[in-house]
Ligand SMILES: Nc1ncnc2c1ncn2[C@@H]1O[C@H](COP(=O)(O)OP(=O)(O)OP(=O)(O)O)[C@@H](O)[C@H]1O
Ligand SMILES: [Mg+2]
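Residue numbers (the numbering used here): 32 to 154.
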């Protein structure tokens, strides 16, 4: 899956990256930004997943990364963002959220690895 090669260069294993991609849902118009940038003592990968969908109530913003927190009663497990955050932190990164003004943005920050890794195409 060549579109994930930026993440692979950041030292992310492909199954982790696919799992993260499944967890960062969006609704409405989706905007995806990927950028390699200077971060601290090296380069870092910034991935932003932004939508203009239903938004997040301010009272829930601090709760969404808690395991089993969900507003999708009877449908959601509430484990998506918790597992996404755990994966990102396992790779020494950060998963952040900004919500308000009709926009919800999740930002993944990852330290880049020194060596690029080639990712095989999906079969
Ligand atoms: N893009 C988004 N826009 C608005 N709310 C969101 C968005 N992403 C997550 N949320 C809120 O965060 C809550 C927790 O998300 P999380 O992915 O952890 O669980 P879930 O989506 O409810 O369940 P599951 O992980 O099983 O799909 C959601 O129930 C929803 O209220
Ligand atoms: Mg989810």
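Where a beta carbon is used, it is the ideal one built from N, C-alpha and C, also for glycine. Computed from a predicted model, the values in this text were never measured in an experiment.
For residue 68, the enclosing beta strand (DSSP E) stretches over residues 61-70.
The continuous alpha helix (DSSP H) containing residue 111 extends over residues 111-121. Segment contact: the segment 62-81 against the segment 105-117, fewer than three CB-CB distances shorter than 8 Å; contact not assigned. The three-state reading of DSSP puts residue 89 in helix, counting H, G and I together. At a cut-off of 6 Å, the beta-carbon of residue 86 does not count as near ligand 2: no heavy atom of the ligand is closer than that.
Closest in alpha carbon position to residue 144, among 61, 68, 58, is 68. Around the beta carbon of residue 106, a 10 Å sphere encloses fewer than 16 other beta carbons of the protein chains shown; the residue is thus reported as exposed.
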